[in-house]
Every structure is written in C-alpha cells, then in structure tokens.
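A.B. asks:
Protein chains: 2
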Amino acid sequence: MALIVQKYGGSSVANADRIKNVAKRIKEYHDRGDQIVVVVSAMRGVTDNLISLAKDIMPIPSEREMDMLLATGEQTTIALTAMALHALDLPAVSLTGAQAGIQTDGVHTKAKITDISPKQVHQMLDAGNVVIVAGFQGQTPDGIITTLGRGGSDLSAIALAAAVDADLCQIYTDVDGVYTTDPRIVSTARKIDEISYDEMLELASLGAKVMQSRSVEFAKKFGVVFEVRSSLNNNPGTIIKEETTAMESVVIRGASLDKNQAKVTLVQVPDKPGVAARIFKHLADATINIDMIVQNISHGDSPATDLSFTVEKVDLPKAKKLFDGLKEEIGFAKIDANENVAKLSIVGGGMRNHSGIAAKMFGTLAEAGINIEMISTSEIKISVIIELDESEQALKVVHAAFLEDQVSP
Amino acid sequence: MALIVQKYGGSSVANADRIKNVAKRIKEYHDRGDQIVVVVSAMRGVTDNLISLAKDIMPIPSEREMDMLLATGEQTTIALTAMALHALDLPAVSLTGAQAGIQTDGVHTKAKITDISPKQVHQMLDAGNVVIVAGFQGQTPDGIITTLGRGGSDLSAIALAAAVDADLCQIYTDVDGVYTTDPRIVSTARKIDEISYDEMLELASLGAKVMQSRSVEFAKKFGVVFEVRSSLNNNPGTIIKEETTAMESVVIRGASLDKNQAKVTLVQVPDKPGVAARIFKHLADATINIDMIVQNISHGDSPATDLSFTVEKVDLPKAKKLFDGLKEEIGFAKIDANENVAKLSIVGGGMRNHSGIAAKMFGTLAEAGINIEMISTSEIKISVIIELDESEQALKVVHAAFLEDQVSP
C-alpha cells in the first residue's frame, strides 16, 4: 500500500466527462489499496471567466479580492471530483487549500507556501477516504485566502507530497512526460524516463513548458520524487528526482530551443568600473529581464568593449528606447538590436565529468554551416545564440549528435 | 454614526452593472459616516448552474460536497462587490461565512447557525472598511463548509446584525416592502410601514414570499429590528420589530391568500380516542404536511364525526391514495377531496384586544355571497377556506373592509 499524491490540471477536469475519467483513474489506484491525495486545478476556462468578470467591475482589481475570487475555481472542481468518486462508490472528501493546511505568506496572487499542517488530510485518509485538495490556493496565518500564481497547482501537489511524506507524486498533464527536445520540431525526440531536478530546472527555464521552475525547485529542496505523465493514456511518464550515479552515464539529457529571445549589443561601451552595473540597473528599473550576458575583453589606450545581452522579444522596443536615451550618460557608440535570433541549449548533469561537449556542439553546428553569435555556459548547460531561420535545423543536428545514439536518455 | 447590516439578494447582484449599483448605494451610507456590513447572495442563476453541473456528475450528490460547491457562489459575489467598492475609492474587504465567524451545526444544505464570532468583522470595521460577508454559508466547529438552505442569506444578515449589535439591518429585495395584501390581486394594497415579528411570521407562513419564516423567527428571538426595502429605488421599506402599544391601534395588519391548498374530509370517522392520532401519524409518515385541521363534535350512540384538513395541492394525490388504503383500519365512511379551494387569512396583533373581528370578516364574506367551508383561528390570525373561483373577490372585499380605511397600516 502506497501513499500517492496525484495532480490533475485544468484540461484534465475541463468538463463533467473528463472529471468522471479522472475519477476512474483514481479508482484504479484505490482498488489496489493505495491511499490517495488528489490535487486539482480549476476547470479549463473558469479562471479566465472569473478574471474577465472582475475586469468588468474594475480594470485593476485588488489582489486580495482576486484571490478570494479565483479560489472559487478550484473549490468548484474539488466538490465535483469528490461527487464523481462517490458515483463510483469510493469514499471521498474535498478540502480547500486552507482546510488542507496549506499556509502561505500574504503576497496575494503569487503567495509562497510557508508551511503545511496536513492533520485533516491524514485524518481523512485514515478514515478510508480519497482526499481531494484544491490546488493553487492556501491561506495566511490570519486566515486570508491566497493563491500561488502560475503553476500553483503543481506546487500544491509537490508541497503536499512532501508534507504527507508520500511515496509518489504524479503530475498528470496532456503530454506523456519530458522529451529530449520538442517533438513538434524534431521527430526523433524521445520521452525521457528519468531526469534530475537540476536538468529539469535548466530545461524548464529554457522554455520546456511542462512545469514551472518553482515547483521543481520545491521538489528538489524537499527531495520529492515526482512523475510527469499523461491523463489521456496509461503510459509511464518521466520521473524527476535527485541525480544518481547511474544517471550520470547519460551526458546530455535534452536539448531545447527558445525562439523568444532578442539580442542587444551596445557597441564600444567605455571599459571602466561601474558602467556595466549602471547599464543593468537601468534595465532592472525598467523591469526588463535579461537572460544571457556576454562581454569581451577590450584593447588599446582608451579601452572600450562591446556588451551583448538577450532580452525577451516583447521587451526589445522598450530596451531600445531606454538605451537611446542613455547614449550620453553611458557613452557607448551605438546600439545593435536583432530579434531574428534563437537560443539553443543542451542540458545534462553528465557534462560535468565529460570534456569536449562544448567542442562537439560547436563542431556539429559548424559542420551544418550555422554561425554562433553568443555563447553562455553553466555547470550542466551550454547555450548558444544563433540565427532564428537556422534554429530548427540547428536543434535537429544537435539532437542527432547528442541524443539519438542513447538507448534511454 | 450607525452600524448597519445590509443584505442584497441574487437579483440585486445579478451582473457587473447591478453590483456597481449596489456599491453606489453602500457608498451613500458610507459617506454619511456609517459603518457597514454587507451580506450578499450568489449572483442570480449561479447557484442553479452549479446544481446542474453537479447533477451531470451524479444524480443525488453528497450534501457535504454540494455545500462545498454552492459556497463558491457567494464567495464570487463578495469578491466582486469588494472590487466594485474599491472602484468608488471605498476601503472594503470580503469575508467568507467561515471567515466572518458564522458557525453552524453539521446538517449540510440546511444548517442552523449555532454561534457567530464576529472578531474579524469588528477588526475590519474598526480599520475603516466596509465588510462584505458571504451569505447563506458558514462552517462547523471542525471547519467544514455548510450552507443554510432557502432564505439563508437573509438569515446570515439578521444573525450578523444580532452578533455585531447593529443599529439597523436592511434586507434589500426587488419589492418595496411588505404589503397589506398582494398588489397583483388587490390594486388598493398599500405598503406597511411597521409590522410586528408575529404578524410578519403569520404573513410569511401564509405565503407572503418576501422572507422565510426562519429569518423572522431568528430576528424575533434576538430582537433584531430590520427593514425590508427595494434595491431599485430609495423608498423607505417596511420595518419589522417587536410589537409596540402604538402598533396595536391597528387591528388588522394584512390579508393574504394561499391558493396552494387542497381540502380533504374523512366522512364519519369513529369518534374514539386515538383515531385522530393514527390519522395524522399516517400523514406524517408519508411526509405530507397538514395546515388547517377542523373536527366537529359528534352526536348519537355510535359517535362518528367528519374530520377535515388541508394539504398542499401537490400532496393531494398522495393523500388520497394513502387513505384509500386505510378505510378499514380507520373505519371512516368515505373521503371527500377538493382542490378548488383557497385559504384567505387576516392577520393583526390588534385583534387580541378587539372583539367582533371574526364576525366582521364572516359578515363581509356573506354579503359578497361567498361561502365559508372551514374556519381556523390563532391569537392574531383568522383563516377561512373558500372556493378557489371566489377567492380573489373575497380577498378584495376583506381588504376593503379591514385595510383601506387606515391611514397607515
């Protein structure tokens, strides 16, 4: 008998029939004797409807009241899910986030979980129930309802799994798991059986949209092993866990492409202390997020260097306007901006112990005639900025070079 | 500065525009310095939608989960109402029933309020806020969400008014107040300025659908003075309060007609101890509600009497079938049933000190050629069963005789 936490997202509970399907799946686990905690999101579309209702009243509604409003979405789903289990003769009870003991700070619409007191959950499990918990929500120590922001239901599930010391946490979604790369671009992409938290984090932050980084970080912090799998079939998914020695034998776990980047180069920036700090202070004040930063060494008597960085494409006009007004203050010669770029990355914990990965990646791209415009590396990741038009071809050759010769990535 | 509890029903908050209108009304009171607690229902139609969603999952859903589900309706309204007040620059916070300290027993879908701990409400009022509370809902001492059943939001408002010791409780609805009789039948019907709890209770139970009896009973028990008034205009409504000497000078407060009654007569029932008890035990077991009961004295050696009572029209087939099977056990001769009847009542605390009211009523009906089939009286009410076809005419003549000569009823 295992204690399992299962999370079902908004598309898995989008209507009465889907909720009944979820109930059938839960019953399979229940019938084999498992104790089950189910975390559900709002039915697909419900949250958007509530938001538009609020906007009809006030353009920028109070965040406290938005949380009060949005929390009704998951509360609706938990009640309906419990009813669907009753219809299959399973004992089941629903709990709001607050009732399940999910305590948060008071930062409305993006609260952080600070504690979980799963006393009620345990009592109801011990009484033989499937316990259905509203994801995405909690309450402050003062009893004020909060929501956790994007990816909040995943976080609820992983935090509950940690709090009840679950044997397994399953995140049900509409994909089969985490892939070596985007199967819509590379037809030979394969599902990954196991991946480490760090690798998942690099892939998540690179745009593999299966899960938000914060949930993976939480799982890593509390050592919660979890599985991402499909609610549409019975295929095993991808297990995300701490890196093991066995996992290290796979050098590269996955490759990803982020087409949402734009490159900005400030040409001939004076190379003296404090200039770079000023530049990035201006960007931060304008709430423009920076991803990669590259600066080369400078030469000569009046040293100047080219400083390049990437921003999200939507922020490019804002960034250009910002620096047009800073030419004199900072003293650079001109600004080059290019939005026809993409970021290609390979990720793998094994690259720490293998030399030559960067050389192989750059060589593979060179053979395909693809020029590299920027390079950035971390311990388990190498990212390059390349031309947007060549980026899918680049992903294919890199995937072929690193990821298609493995039996199980 | 007064402390006011205002309750707005589902039609007053049916959409964004109506919620904005409610906010404007609240602002008028706020601007004159009053502290305001607002109780709101679910937006019209929302509760029905939730019920049909539940029925799509399961024909007879668990009552615990129905409460979990339905409680989202009012929670949605409180958040939107708070936002609408923010849009008018009023400080406002919303509270669920549970957060407002409304404690109930555990009888799901029709819970009784057992206690209110309005600490949060007071704190938020003292901080200068309008406090918006979800009507119709509460929680058990174990923190399980309950709903109060029909008329629950009125009850929430009156109970909160008692708990916070409000100066006034206003129940906003879509009528101007309580009328001397149904204005759709009697064009000369007038709004009543003041009415006692007991009179209101008699009128409510007689089918004046402004409020459920339980809310009036609660108000009577805790001495909560409340006003029923329209959310569509600024007319003063009807004040409901304990009877005063001044009120007694008005003999009859109102007249009502209940067309939903059917009359059953068991002919020649043996007049011996225990027979009537058996008859009404059978009716209770079949969950058929009885309203009026009339039994005449019997004569002769083998005493037998006719026993008449009224049931709701929908229950008449069930009652007939029941007694068809009991003819031998009870020993009556035959059963007469008539659904072409109505109950006409006059209500007024003043009739206690005035003789001749019954005589005047019966005389008025006789003059109009209307036959009386049954009579029943209480301390402040006289009811008669008459032919359905003559009932509206009967209401008109009785209203004219008792209620049109008063300046202020």
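Chains as they are written, first to last, in the numbering used here: chain A, 1376 to 1784; chain B, 1376 to 1784.
Note that beta-carbon positions come from the ideal geometry of N, C-alpha and C, so glycine has one too.
Because the structure is a prediction, the values reported are computed rather than measured.
Just to confirm the assignment, what range does the alpha helix (DSSP H) spanning B/Pro1692 have?
C.D. replies: Indexing the second sequence from 1 puts residue 1692 of chain B at position 317. Here the alpha helix (DSSP H) through B/Pro1692 covers 1691–1699.
A.B. asks: Are B/Arg1633 and B/Lys1718 close, meaning C-beta to C-beta below 8 angstroms?
C.D. replies: Taking the first residue of the second sequence as position 1, residue 1633 of chain B is located at position 258. Taking the first residue of the second sequence as position 1, residue 1718 of chain B is located at position 343. Strictly speaking, residue 1633 of chain B in this sequence is Asp, with Arg absent from that position. Contact: yes.
A.B. asks: Identify the contact partners of B/Asp1431 in chain A, using a Cβ-Cβ distance below 7 angstroms as the criterion.
C.D. replies: As a working note, residue 1431 of chain B is residue 56 in the second sequence. The answer, in chain order, is Ala1391.
A.B. asks: Can you list the residues of chain A that B/Thr1447 reaches, using a CB-CB cut of under 7 angstroms?
C.D. replies: The count along the second sequence starts at 1 and reaches residue 1447 of chain B at position 72. Per Cβ cutoff of 7 angstroms: Thr1447, Gln1450, Thr1451.
A.B. asks: Do you know how far the Cα of B/Cys1544 is from the Cα of A/Leu1463?
C.D. replies: The residue given as residue 1463 of chain A occupies position 88 in the first sequence. The residue given as residue 1544 of chain B occupies position 169 in the second sequence. Looking at the two C-alpha atoms, the distance is approximately 46 angstroms.
A.B. asks: For the ligand ZN, any of its heavy atoms closer than 7 angstroms to the Cβ of A/Val1772?
C.D. replies: Of ligands this structure carries none, so the ligand ZN is not represented either.
A.B. asks: Looking at the C-beta of B/Lys1395, does it have a partner C-beta in chain A at a distance below 8 angstroms?
C.D. replies: By one-based count along the second sequence, residue 1395 of chain B stands at place 20. Yes, its Cβ sits closer than 8 angstroms to a Cβ of chain A.
A.B. asks: Using a Cβ cut-off of 9 angstroms, pull out every chain B residue sitting near A/Ala1502, in sequence order please.
C.D. replies: Translated into positions along the first sequence, residue 1502 of chain A becomes position 127. What A/Ala1502 touches in chain B: nothing, since even the nearest Cβ is about 13 angstroms away.
A.B. asks: Determine the burial state of A/Thr1752: buried for a count of at least 16 other Cβ atoms within 10 Å of its Cβ, exposed for fewer.
C.D. replies: Numbered from 1 along the first sequence, position 377 holds the residue referred to as residue 1752 of chain A. A/Thr1752 comes out exposed.
A.B. asks: Is A/Gly1510 close to chain B, meaning its C-beta is less than 8 angstroms from at least one C-beta of that chain?
C.D. replies: If you number the first sequence from 1, residue 1510 of chain A lands on position 135. Chain B contact via Cβ: absent.
A.B. asks: Against B/Glu1440, what residues of chain A qualify as contacts under a CB-to-CB distance less than 7 angstroms, listed in chain order?
C.D. replies: Residue numbering aside, residue 1440 of chain B sits at position 65 when the second sequence is read from its first letter. Neighbours of B/Glu1440 on chain A, chain order: Ala1454, Ala1457, Met1458, Ser1469.
A.B. asks: Assuming contact is defined by CB atoms lying nearer than 8 angstroms, are B/Gln1410 and B/Leu1500 in contact in what I supplied?
C.D. replies: Counting from one through the second sequence, the residue named residue 1410 of chain B turns up at place 35. Counting from one through the second sequence, the residue named residue 1500 of chain B turns up at place 125. Yes; because the gap between Cβ atoms is below 8 angstroms, this pair is in contact.
A.B. asks: Relative to the C-alpha of A/Met1822, which candidate in A/Ile1401, A/Arg1400, A/Arg1407 has its C-alpha closest?
C.D. replies: Examination of residue 1822 of chain A is not possible in this model, given that chain A is present from 1376 through 1784 alone.
A.B. asks: Within the continuous beta strand (DSSP E) that includes B/Val1397, where are the two ends?
C.D. replies: Counted from its first residue, the second sequence places residue 1397 of chain B at position 22. Element bounds for B/Val1397: not the beta strand (DSSP E) but the alpha helix (DSSP H), 1391–1406.
A.B. asks: Output the boundary residues of the alpha helix (DSSP H) element that contains B/Asp1490.
C.D. replies: Counting from 1 along the second sequence, the entry for residue 1490 of chain B is found at position 115. Counting along the chain, B/Asp1490 falls outside any alpha helix (DSSP H), though it belongs to the beta strand (DSSP E) covering 1488–1491.
A.B. asks: Would you call the CB atoms of A/Asp1666 and A/Gln1636 closer than 8 angstroms?
C.D. replies: Taking the first sequence and counting its residues from 1, the one referred to as residue 1666 of chain A is at position 291. Taking the first sequence and counting its residues from 1, the one referred to as residue 1636 of chain A is at position 261. Yes; because the gap between Cβ atoms is below 8 angstroms, this pair is in contact.
A.B. asks: If I measure Cβ to Cβ from A/Asp1480 and keep anything under 8 angstroms in the same chain, skipping five residues before and after, which residues do I get?
C.D. replies: For the purposes of this step, residue 1480 of chain A is taken as the residue at position 105 of the first sequence. Within the same chain, A/Asp1480 has close Cβ partners Ala1486, Lys1487, Thr1489, Thr1515, Thr1521.
A.B. asks: Kindly list the residues whose CB is nearer than 8 angstroms to the CB of B/Ile1453, restricted to its own chain and excluding five residues on each side of it in sequence; keep chain order.
C.D. replies: Position 78 of the second sequence, counting from 1, holds the residue named residue 1453 of chain B. Correct list, in chain order: Val1415, Ser1469, Leu1470, Thr1471, Ile1507, Val1508, Ala1509.
A.B. asks: Cβ of A/Met1443 less than 8 angstroms from any chain B Cβ?
C.D. replies: The count along the first sequence starts at 1 and reaches residue 1443 of chain A at position 68. Chain B contact via Cβ: present.
A.B. asks: Is there contact between the region 1706–1722 of chain B and the region 1761–1776 of chain B, where contact requires at least three CB pairs shorter than 8 angstroms?
C.D. replies: In short, these stretches touch, since the Cβ pair count reaches three.
A.B. asks: Can you look up B/Met1418 in the DSSP assignment and give me helix, strand or coil?
C.D. replies: What you label residue 1418 of chain B is simply residue 43 of the second sequence in a count that begins at 1. Residue state, collapsed to three classes: coil.
A.B. asks: Where does B/Ile1567 fall in DSSP's three states?
C.D. replies: Within the second sequence, numbered from 1, the residue matching residue 1567 of chain B stands at position 192. Coil.
A.B. asks: Between B/His1461 and chain A, is the shortest Cβ-Cβ distance under 8 angstroms, so that the two count as touching?
C.D. replies: As a position in the second sequence, residue 1461 of chain B is number 86, starting the count at 1. Answer yes: the Cβ-Cβ gap between B/His1461 and chain A drops below 8 angstroms somewhere.
A.B. asks: Are the CB atoms of A/Leu1778 and A/Ile1627 nearer to each other than 8 angstroms?
C.D. replies: Locating residue 1778 of chain A in the first sequence gives position 403, where the first residue counts as 1. Locating residue 1627 of chain A in the first sequence gives position 252, where the first residue counts as 1. The answer is yes: Cβ separation under 8 angstroms.
A.B. asks: When DSSP labels each residue in this structure, what does B/Glu1574 get in the three-state scheme?
C.D. replies: Mapped onto the second sequence, residue 1574 of chain B falls at position 199. Helix, per DSSP.
A.B. asks: Can you tell me the Cα-Cα spacing of B/Ala1775 and B/Ala1734, whole angstroms?
C.D. replies: Start at 1 with the first residue of the second sequence, and residue 1775 of chain B comes out as number 400. Start at 1 with the first residue of the second sequence, and residue 1734 of chain B comes out as number 359. Cα to Cα, the separation comes out at about 15 angstroms.
A.B. asks: Mind checking the region 1678–1704 of chain B against chain A and listing, in chain order, the residues whose C-beta falls within less than 7 angstroms of any C-beta there?
C.D. replies: If the cut-off is 7 angstroms between Cβ atoms, the region 1678–1704 of chain B has nothing near chain A.
A.B. asks: Would a C-beta distance cut-off of 8 angstroms place A/Ile1760 and A/Thr1685 closer than the cut-off?
C.D. replies: As a first step, residue 1760 of chain A must be located in the first sequence, where it is residue number 385. As a first step, residue 1685 of chain A must be located in the first sequence, where it is residue number 310. The answer is yes: Cβ separation under 8 angstroms.
A.B. asks: Does DSSP put B/Ala1787 in a helix, a strand or coil?
C.D. replies: Here chain B has residues from 1376 to 1784 only, and residue 1787 of chain B is not among them.
A.B. asks: With the cut-off set at 8 angstroms, would you say B/Thr1563 and A/Thr1451 are in Cβ contact?
C.D. replies: Here residue 1563 of chain B refers to the residue found at position 188 of the second sequence. Here residue 1451 of chain A refers to the residue found at position 76 of the first sequence. Not a contact, by the Cβ cut-off of 8 angstroms.
A.B. asks: Start and end of the alpha helix (DSSP H) containing A/Leu1455?
C.D. replies: For this step, residue 1455 of chain A is matched to residue 80 along the first sequence. Note, A/Leu1455: alpha helix (DSSP H), 1438–1462.
A.B. asks: Leaving out five residues before and five after B/Ala1457 in sequence, what residues of the same chain have Cβ atoms less than 7 angstroms from its Cβ?
C.D. replies: Here residue 1457 of chain B is taken as the residue at index 82 of the second sequence, counted from 1. Contacts found: Ala1467, Val1468, Ser1469, Ile1507.
A.B. asks: Use the C-beta contact count for A/Glu1742: other C-beta atoms within 10 angstroms, 16 or more gives buried, fewer gives exposed.
C.D. replies: The residue you call residue 1742 of chain A lines up with position 367 of the first sequence. It counts as exposed.
A.B. asks: For A/Gln1498, which option in B/His1497, B/Asn1504, B/Asp1517 has the closest C-alpha, if you only look at C-alpha atoms?
C.D. replies: Sequence index remark: in the first sequence, residue 1498 of chain A carries index 123 (1-based). Here the closest residue by C-alpha is B/Asp1517.
A.B. asks: For a cutoff of 8 angstroms on Cβ pairs, would you count B/Tyr1383 as touching chain A?
C.D. replies: Against the second sequence, residue 1383 of chain B aligns to sequence position 8. Chain A contact via Cβ: absent.
A.B. asks: Is it a yes or a no for the region 1546–1555 of chain B touching the region 1600–1607 of chain B, going by three-plus beta-carbon pairs under 8 angstroms?
C.D. replies: Segments in contact, yes.
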